[in-house]
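See below for the structure under consideration.
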Amino acid sequence: MTEVKDEDIFKSIAQLKSALSNYKHKASEMEEKRVFTSKTFSIITDAKEWYFMECSLNDQDKLAFKLSKSVTVVYDSKNMGENIERILGHIAWLLEEVQKPDSDSQSEERVIKKHKSLSNLTRKSNK
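Okay, so the sequence shown: first residue is 1 according to the UniProt record's numbering, each after it adds one.
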């Protein structure tokens with residue numbers, strides 16, 4: 001997770017891309033340890049704007065980045081709950097993805113599934 005500094009989310013995204021590129025380079029030097037997995041996920045936020053980024057290796061062993069559209073939380077608004085549910089749904093999906101074996105994460109691109117509402121998740125966890 002990357003916290004936005006100086007209210008410039010795009011600088012934070014560029015900083016994260018640079019860090020992941022450096023990490024991949026170091027990991028390739030230690031290839032026998034398999035340090036770098038095929039995909040890495042990141043969250044970039046200032047608590048109002050939320051972005052989700054995927055970093056993966058393409059066929060030429062180069063880094064490829066995908067950035068989501070932003071999810072904006074306007075606090076004390078009518079749809080604040082909906083947007084928070086969307087964010088938590090993205091986070092839940094990311095957590096599911098990182099738990100999958102590496103071979104699963106290399107399969108064809110997946111579409112982010114619509115997640116159940118928080119009330120459904122709460123009911124399930126209370127059972």
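Each residue gets a CB set at the ideal place from its N, CA and C atoms; glycine is no exception.
Model, not experiment: these values are computed from the prediction.
Exercise. Skipping 5 residues on each side, what residues in its chain have a beta carbon closer than 6 Å to that of residue 13?
Worked result: 44
Exercise. Residue 56 by DSSP, collapsed to three states: which one?
Worked result: strand
Exercise. Given 8 Å as the limit, is there contact between the segment 56–66 and the segment 80–89, that is, 3 or more CB pairs closer than that?
Worked result: no
For this session: May I ask which residues mark the beginning and end of the alpha helix (DSSP H) holding residue 47?
Result: Residue 47 -> no alpha helix (DSSP H), and no H or E assigned at all.
For this session: Pull up the distance between the alpha-carbon of residue 42 and that of residue 73, whole angstroms please.
Result: 18 Å
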